[in-house]
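Going by numbering that gives the first Met the number 0, the letters in the sequence shown line up with residues 0 to 147, in that order.
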Amino acid sequence: MEIVNKHASRLYEVIKRIKVGIKLTGGEVKSCKAGRINFTGAYCAFSPITARLTLRNFYIAPYAPAKREQRGYDPYRERTLLLKKQELIFISGKAKEKGIAIVPLKIYTDRRLVKCEIGIARGLKKYDKREKLKKEEFARRKQRIVSR
């Protein structure tokens with residue numbers, strides 16, 4: 000199972016990719032494996048209380064068979080990302096730089112575990128987005144001509 004955040008590649012230029020674990024409940028794991036998640040508006044931020052990196056505004060649909068266990072379930076709750084201390088220090092240093100954002104790029108399974116790939120990214124300007132679209136369109140046209 001692999002679900003990619005398509006908005007991130009359109010809005011950001013990814014500088015570095017980091018694989019991290021994500022702390023989920025049982026019902027959330029099953030919903031993720033079923034593909035019932037939404038990246039729209041999701042971002043990573045440091046929790047001021049616990050000094051940990053958290054995934055915010057990330058939607059995981061409630062797992063239907065576990066309704067009784069999930070009373071009061073918030074699909075947008077903050078989810079803790081699991082990483083090593085050195086990685087946390089590196090990311091916190093980069094996050095303080097101007098124009099840098101930490102965004103989730105994809106959710107995937109590694110054996111039985113659900114993992115998240117986050118990216119240290121810089122936002123694209125409007126003209127950069129247009130230029131990127133032109134390059135992609137040119138590559139598509141070129142591929143069509145070559146395949147004929």
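Just so you know, even glycine gets a beta-carbon here, dropped at the ideal spot from N, CA and C. If you're wondering where the values come from, they're calculated on a predicted model, not measured in any experiment.
DSSP, read as helix, strand or coil, puts residue 5 in helix. Taking 8 Å as the upper bound for CB-CB distance, residue 123 and residue 42 are not in contact here, some 16 Å apart. Between residue 26 and residue 74, the C-beta gap is not smaller than 8 Å, which leaves the two residues out of contact. With fewer than three CB-CB distances shorter than 8 Å, the segment 81-89 does not count as touching the segment 66-73. Contact annotation: the segment 36-54 touches the segment 97-110, with at least three C-beta pairs closer than 8 Å. Residue environment analysis places residue 144 among the exposed positions, since fewer than 16 neighbouring C-beta atoms fall within 10 angstroms of its C-beta.
Taken through DSSP and simplified to helix, strand or coil, residue 64 comes out as helix.
C-alpha of residue 114 to C-alpha of residue 128: approximately 29 Å in a straight line.
In this structure, DSSP gives residue 45 an extended state, which the three-state scheme calls strand.
Taking residue 2 as the centre and dropping the five residues before and after it, the same chain places the C-beta of 34, 36, 105, 106 closer than 7 Å to its C-beta, in chain order. For residue 14, the closest alpha carbon among the candidates 138, 135, 117 is that of 117. Taking every protein chain shown into account, the CB of residue 38 has 16 or more other CB atoms within 10 angstroms, so this residue is buried.
Secondary structure note for residue 109: it is in no alpha helix (DSSP H), and the uninterrupted beta strand (DSSP E) holding it is 99-109. Beta-bridge pairing by DSSP links residue 120 to 13, 100.
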